[in-house]
Amino acid sequence: MYDLIVLGGGPAGYIAAERAGDGGLSVALIEKQFLGGVCLNEGCIPSKTLLNSAKIYDYAKFSEKYGVTTKDAILDHGAVISRKNKVVKMLTAGVKAALKKSNVDIIDGIGMIMEKSEDGYIISVGDTEYKGKKLLIATGSSPAIPPIPGIEEGLKSGFVLTNREILNLKAIPKSLVIIGGGVVGIEMASYFNSAGSKVTVIEMLDHIGGEIDRDISNILFRNYKKKGIDFKLGSKLLELKGNTLLYDQDGKTSEMTADEVLISVGRRPVTEGLGLKNIGIELERGAIKTDDRGRTNVLGVYAAGDVNGKYMLAHAAYREAEVSVNDMLGIEDRLDYSVIPSVIYTSPEVAGVGYTEAGAKSAGIDYDMVNIPMQYSGRYMAENERGDGICKVLVDKSTKKLIGVHMIGSYTSEIIYGAGIMIQNGMNIDDIKKTVFPHPTVSEIIREAIFQL
Ligand code: NAI
């Protein structure tokens, strides 16, 4: 009998298991495929290694702008993928070691919830049954595959790819069509464009990047259009016929061909085949319904990460896992979903936390906003030839508290947590003015913006 059984070894599952183990619980973690989940094996980490290589390559190509002449730069995709595999291997080994250190039993196999027993839950893995007093479901998500004619066949033939296959492509396709201009779509467009593919993005909405600030979305769009990515906005894929794509743009059907197609139109929680019905777990729009402590409707059963359908982000999953474990340990903790940062690792990077203007408007918040160019930062100027980044800061008009920061430009992914801390701790303009930022850094842009208010 374990105190806790964790189903799934992605960011939510492994952090929950580690924290619970460190908290003195006996823990088993059941994983069917690989420790680290999608994020470590076929998502966040692999894509960041690829994007970093693209960034280095782009710098090399345009190094003359910075007074450096490089001989013909080459991006060796095979070498990039090998390095990615090495990074993933090292990090997965790290996860395994951390779990061992926290005394977690790792069980390889597919876990199935069988029934509730008097003092816990019975989970089967093959022929073996395990019992846990508590259960945390962290089975993640899988790519959404829209019911468009030709997609299933394309997936089978290898013409259509998801985030999984695209990160292991052996060669750079001459042409790549990406369905969905959200986070996965733009990050992959960024890499394959730098690597030499002719990239087209078909996006249903009239902008890219989903919920990000609209001014920032427009800057990103402009940058990538300039780099040669073709965007079909307000467009929907209708059908795939061989290597021909039929799509609708503003009511008109057009067609194009591609060497490969990436489907990145969102993800769906993985809830099938887990035996959720056996203990009556409630779902809401296909996701496991949880409260702000990660509790499901069934006593002692928690869910964290993508499977709860709230924020499909690894960093949200980490905190959800910790909140759930703290609840199990009797430690008061809640997750404040209003301060979860979002980042797109494009070049330039996009990062934001708190209310966007659109969000503040729809929440009826009276706010003051300042929007300044990143060029106000000396370091940004020193390092970016003709960079067009911006920083937008929103404060509540009556309390003068910071409620949102949204940026596009170098290092913003590394800076944004600072803004998150300020918002989470209710800092107002005066508090921030008294904070010392290191100089010269791009982070100073936040301080600079605050002084403009
Ligand atoms: P997403 O929800 O970010 O974007 C999907 C896009 O596809 C949307 O812009 C949507 O309007 C569009 N779309 C939907 N159906 C379409 C259709 N039939 N035709 C054309 N466009 C269509 O989903 P994505 O990019 O697949 O990412 C999945 C999840 O992974 C997201 O929750 C994302 O936040 C997360 N993720 C986060 C990353 C990060 O934090 N940097 C990196 C990669 C993924």
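Under numbering that gives the first Met the number 0, the first residue of the sequence shown is numbered 0, with each subsequent residue one higher.
Built from N, CA and C at the ideal position, the CB exists for glycine as well.
This structure is a prediction, so every number in the text was calculated from the model and none was measured.
Distance CB(Pro145)-CB(Ile178) smaller than 9 Å: yes
Inter-stretch contact at 8 Å, needing at least 3 Cβ pairs: the segment 324-339 / the segment 393-400: no
CB of Ile449 within 9 Å of CB of Val352, strictly: no
Reference Gln423, options Pro340, Arg378, Gln374, Asp365, closest by Cα: Of the residues Pro340, Arg378, Gln374, Asp365, the one whose Cα lies closest to the Cα of Gln423 is Pro340.
DSSP bridge partner residues for Thr243 (one or two, in chain order): Lys240, Thr256
Thr345 and Leu50 closer than 9 Å at C-beta: yes
Same chain, Cβ closer than 7 Å to Asp291, five either side skipped, listed in chain order: Arg333, Leu334
The ligand NAI heavy atom lying under 8 Å from the CB of Ile207: yes
Secondary structure of Gly153, DSSP reduced to three states: helix
Nearest neighbour of Tyr336, chosen from Ala350, Val324, Val349, Leu312 [CA to CA]: Leu312
For Gly265 and Ile280, the rounded distance between their alpha carbons: 24 Å
Distance CB(Ile445)-CB(Ile431) smaller than 9 Å: In this structure, Ile431 lies closer than 9 Å to Ile445 by Cβ.
Beta-carbon contacts of Ala357 that lie in its chain and below 7 Å, excluding the five residues immediately before and after: Arg213
Ser234 Cβ short of 8 Å to the ligand NAI heavy atom set: At a threshold of 8 Å, Ser234 counts as near the ligand NAI, since its beta carbon sits closer than that to one of the ligand's heavy atoms.
DSSP three-state assignment for Asn40, whether helix, strand or coil: helix
Host alpha helix (DSSP H) of Asn102 (start-end): It is not in any alpha helix (DSSP H) - Asn102 carries neither H nor E in the DSSP assignment.
Counted within 10 angstroms of its Cβ, other Cβ atoms place Asn167 as buried (16 or more) or exposed: Asn167 is classed as exposed because its beta carbon has fewer than 16 other beta carbons within 10 Å across all chains shown.
Euclidean distance between Cα positions of Gly66 and Val342: The alpha-carbon atoms of Gly66 and Val342 are separated by roughly 30 Å.
Residue from Glu447, Ser123, Val300 with nearest C-alpha to Leu3: Val300
Counterpart residues of Tyr120 in DSSP-defined beta bridges: Lys115, Gly131
Alpha-carbon spacing of Lys54 relative to Val103, whole angstroms: Going by the C-alpha atoms only, they are around 38 Å apart.
Sufficient close CB pairs (3 or more, under 8 Å) joining the segment 92-110 to the segment 185-197: no
Inter-residue CB distance, Leu298 and Met111 (contact presumed, cutoff 8 Å): So it is not a contact: roughly 20 Å between Cβ atoms.
Straight-line gap, Ala317 to Lys251 (C-alpha atoms, nearest Å): Looking at the sequence shown, residue 317 is not Ala but Tyr. Each residue's alpha carbon lies about 44 Å from the other.
Sub-9 Å separation of Gly184 and Leu244 beta-carbons: no
Start-to-end residues for the beta strand (DSSP E) that takes in Phe230: 229-231
Cβ-Cβ distance between Thr453 and Ile218 below 9 Å: With the chain running from 0 to 452 in the structure shown, residue 453 is simply not present.
Ranges of the alpha helix (DSSP H) found wholly within the segment 286-370, counting only runs of at least 4: 313-327, 356-361
Separation of Val159 from Leu237, as counted between CA atoms: Approximately 14 Å, taken between the alpha carbons.
Candidates Glu114, Val441, Asn325, Leu239, of which the one nearest Ile147 by Cα: Leu239
Burial state of Ala302 (16 or more Cβ within 10 Å): buried
Alpha-carbon to alpha-carbon, Leu232 and Gly149: 21 Å
Under 9 Å between C-beta atoms of Tyr13 and Gly36: yes
Residue environment, Asp126, which counts as buried when at least 16 other CB atoms sit within 10 Å: Asp126 comes out exposed.
Simplified DSSP assignment, three categories, for Glu283: Glu283: strand per DSSP, three-state reduction.
Straight-line Cα distance separating Ser174 from Tyr60: According to the sequence as given, residue 60 is Lys; it is not Tyr. Cα to Cα, Lys60 sits roughly 21 Å from Ser174.
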